[in-house]
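Taken in order, the sequence shown gives residues 26 to 242; the numbers are from the numbering used here.
A virtual CB, placed ideally from N, CA and C, is assigned to each residue, including glycine.
Taking it in order: structure first as structure tokens, then the write-up.
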Amino acid sequence: MTKVLEAGGYTYAYEPAEGGDPRTLILLHGTGGDHTSFIGLGRLVAKGAALIALKGDVVERGNLRFFRRVGERVYDMDDLTLRTHRLADAIPELISAHGRDPAAAIGLGYSSGADLLGNLICETPDRLAGAVLMHPIMPFEPPSTRALSGKPVLVTCGERDPVTGPAQVEAIAERLRTLGASVTARGADSGHEVREGELAAIRDWLAAFRTTTDAAA
Numbered sequence: 026m027t028k029v030l031e032a033g034g035y036t037y038a039y040e041p042a043e044g045g046d047p048r049t050l051i052l053l054h055g056t057g058g059d060h061t062s063f064i065g066l067g068r069l070v071a072k073g074a075a076l077i078a079l080k081g082d083v084v085e086r087g088n089l090r091f092f093r094r095v096g097e098r099v100y101d102m103d104d105l106t107l108r109t110h111r112l113a114d115a116i117p118e119l120i121s122a123h124g125r126d127p128a129a130a131i132g133l134g135y136s137s138g139a140d141l142l143g144n145l146i147c148e149t150p151d152r153l154a155g156a157v158l159m160h161p162i163m164p165f166e167p168p169s170t171r172a173l174s175g176k177p178v179l180v181t182c183g184e185r186d187p188v189t190g191p192a193q194v195e196a197i198a199e200r201l202r203t204l205g206a207s208v209t210a211r212g213a214d215s216g217h218e219v220r221e222g223e224l225a226a227i228r229d230w231l232a233a234f235r236t237t238t239d240a241a242a
């Protein structure tokens, strides 16, 4: 059963774990999405995991997002930094509010939500055990030199995505590898939309993450 709650300065939709699943997904929607719709994607890729889907609180032309921008592909970097730190501060509170294990907390973001998540794992890599970046754009260089020390990251994109294509996403993946992350990149037969092939790749990656987490327990 989905509940809409507040903690850490965020409104969020929450679904508890089932069957002893240790994983918790922190879900960040893209521009125009919201917490109540994006939690459904979490359910499709990680059945049984606890789901925490955050609501963006920046409104751009009637659409929700997580940080401001000043133009197409031009981000307000001061605001992005501020909101990255805010999210980093909120994650421990969100996880502890539901008695979840931070060692099994994974971020999953789509588009601009993936950009905030990507910046977060570069700036504060200790907040999450891993991350899934769906169709990230990241038209900026993360300023951090913090080592990601083998942090597992999955980066996905559509082969025909007009917003962020395979070459751009591979460059993002390589940037994260340079920082020490263990990055898997997967393309899908799609544009900027999300189709089953991409969901299947994410589902498999998250299942492997659970296997690793269970083995370490």
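Beta bridge counterpart(s) of residue 207 as assigned by DSSP: The partner list for residue 207 (beta bridge, DSSP) reads 177.
Are the beta-carbon atoms of residue 140 and residue 117 separated by less than 8 Å? In this structure, residue 140 sits away from residue 117, with a CB-CB distance that is not shorter than 8 Å.
Leaving out five residues on either side along the sequence, give the residues of the same chain with a beta carbon under 7 Å from the beta carbon of residue 129. Counting only Cβ-Cβ distances below 7 Å, and skipping sequence neighbours, we find 47, 48, 49, 154 and 238.
Quick one: which unbroken beta strand (DSSP E) runs of 3-plus residues sit fully inside the region 106–144? Chain order, please. Taken in chain order, the unbroken stretches of beta strand (DSSP E) that lie wholly in the region 106–144 and span 3 residues or more are 130–135.
Which of helix, strand or coil DSSP assigns to residue 198: Correct three-state label for residue 198: helix.
Short check: CB of residue 133 to CB of residue 201, under 8 Å? No.
Considering only the alpha carbon of each residue, which of 167, 152 and 136 lies closest to residue 180? Distances from the alpha-carbon of residue 180 to those of 167, 152 and 136 put 136 closest.
Helix, strand or coil: which one does DSSP assign to residue 70? DSSP places residue 70 within a helical segment (H, G or I) once states are collapsed to three.
Leaving out the 5 sequence neighbours to the left and right, which residues in its chain are closer than 7 Å to residue 43 when beta-carbon positions are compared? If we look at residue 43 and ignore the five residues flanking it on each side, its Cβ neighbours are 73.
Would you say residue 145 and residue 203 are within 8 Å of each other, going by their C-beta atoms? Residue 203 sits away from residue 145, with the two beta carbons spaced by 8 Å or more.
Find out if the Cβ-Cβ distance for the pair residue 158, residue 143 is shorter than 8 Å. At a Cβ-Cβ threshold of 8 Å, residue 158 and residue 143 count as neighbours.
Report yes or no: do the region 178–196 and the region 27–35 share at least 3 C-beta pairs separated by less than 8 Å? Cβ pair count under 8 Å is below three, so no.
Under 8 Å between the Cβ atoms of residue 38 and residue 61? Yes.
Give the straight-line distance between the Cα atoms of residue 114 and residue 33, rounded to the nearest whole angstrom. Straight-line measurement puts the Cα of residue 33 at about 7 Å from the Cα of residue 114.
Excluding the 5 residues preceding and the 5 following residue 222 in the sequence, name in chain order all residues of the same chain whose CB lies nearer than 8 Å to its CB. Counting only Cβ-Cβ distances below 8 Å, and skipping sequence neighbours, we find 213, 214 and 215.
Three-state secondary structure assigned by DSSP to residue 162: Note: residue 162 maps to coil in three-state DSSP.
When you compare only the Cα positions, how much space is there between residue 101 and residue 93? Distance between the alpha carbons of residue 101 and residue 93 is about 6 Å.
Whole-angstrom distance between residue 220 and residue 107, CA atom to CA atom: Residue 107 and residue 220 have their C-alpha atoms spaced approximately 32 Å apart.
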